[in-house]
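A.B. asks: Numbering (the numbering used here), first residue to last: 773 to 936.
Structure incoming, see below.
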């Protein structure tokens, strides 16, 4: 199964900031050796939300039944559509393009926030060297980690606190 890409330089990906009890779930990616949220490529037969639920379950063991998506932006949900021709998707809380290797390969990433009703996780052995829940102060001390991840975690924790 291939994944969606616009050309050889870009792949489309989805990532999920998962919050539980004022902590965010991060994994130490086995290839990149960076602390990152669960994420992965969007396959040809998937939309971003389907891809993300698949990746989160594979990488963390958390299933859809344990996760509630937060949707900070809902304006698009009120737009009238023809249900036979449109699938309405929640707007990500963040989108970016980032470089993933020295060859210039890039990802166009759609980021979403989830609340987990459990802290029980299972690490996917061949994808992550470590998998753990972190407070924002702990995330600030993790290395190596892109600064974007700290900012996204802070935002996700703030949004989760607003609903609790």
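Beta carbons: idealized from backbone N, C-alpha and C, even for Gly.
If you're wondering where the values come from, they're calculated on a predicted model, not measured in any experiment.
Looking at the structure shown, is residue 922 part of a helix, part of a strand, or coil, going by DSSP?
C.D. replies: Here the question's residue 922 lines up with position 150 in the chain shown. The answer is helix: DSSP assigns residue 922 an H, G or I state.
A.B. asks: Report the residue ranges of all beta strand (DSSP E) runs contained in full by the segment 797-867; include only those spanning at least 3 residues, in chain order.
C.D. replies: The qualifying runs are 811-813, 839-842.
A.B. asks: Among the residues of its own chain, which have a CB less than 7 Å from the CB of residue 878, if the five just before and after it don't count?
C.D. replies: Mapped onto the chain shown, residue 878 falls at position 106. The residues are 781, 782, 869, 870, 871, 872.
A.B. asks: Verify whether the separation of the beta carbon atoms of residue 802 and residue 900 is less than 8 Å.
C.D. replies: For the purposes of this step, residue 802 is identified with residue 30 of the chain shown, where counting begins at 1. For the purposes of this step, residue 900 is identified with residue 128 of the chain shown, where counting begins at 1. For residue 802 and residue 900, yes; Cβs fall inside 8 Å.
A.B. asks: Going by CA-CA distance only, name the one from 934, 933, 929, 912 that's closest to residue 807.
C.D. replies: Position 35 of the chain shown, counted from the first residue, corresponds to residue 807. With distances taken between Cα atoms, residue 807 lies closest to 912.
A.B. asks: For residue 914, name the three-state secondary structure that DSSP assigns.
C.D. replies: Position 142 of the chain shown, counted from the first residue, corresponds to residue 914. Residue state, collapsed to three classes: coil.
A.B. asks: Which first and last residues belong to the beta strand (DSSP E) in which residue 944 is found?
C.D. replies: No statement about residue 944 is possible, as the shown extent of the chain runs from 773 to 936 and does not include it.
A.B. asks: Just checking, does the segment 882-896 make contact with the segment 814-830 on the three C-beta pairs under 8 Å criterion?
C.D. replies: The segment 882-896 is in contact with the segment 814-830.
A.B. asks: Can you give me the Cβ contacts of residue 916 inside the same chain, cut-off strictly under 8 Å, excluding the 5 residues immediately before and after it?
C.D. replies: Working through the chain shown from its first residue, we reach residue 916 at position 144. Excluding residues within five positions, the ones whose Cβ falls inside 8 Å are 805, 806, 807.
A.B. asks: Residues in the same chain with beta-carbon distance under 8 Å from residue 867, minus the five sequence neighbours each way, listed in chain order, please.
C.D. replies: If you number the chain shown from 1, residue 867 lands on position 95. For residue 867, where only same-chain residues beyond five positions count, the Cβ hits under 8 Å are 880, 881, 882, 883.
A.B. asks: With C-beta atoms as the reference, is residue 810 less than 8 Å away from residue 799?
C.D. replies: Taking the first residue of the chain shown as 1, we reach residue 810 at position 38. Taking the first residue of the chain shown as 1, we reach residue 799 at position 27. In this structure, residue 799 lies closer than 8 Å to residue 810 by Cβ.
A.B. asks: Please say whether residue 790 and residue 839 have beta carbons closer to each other than 8 Å?
C.D. replies: To locate residue 839, count along the chain shown from 1; it is residue 67. To locate residue 790, count along the chain shown from 1; it is residue 18. Against a cut-off of 8 Å, the Cβ pair of residue 790 and residue 839 comes out as a contact.
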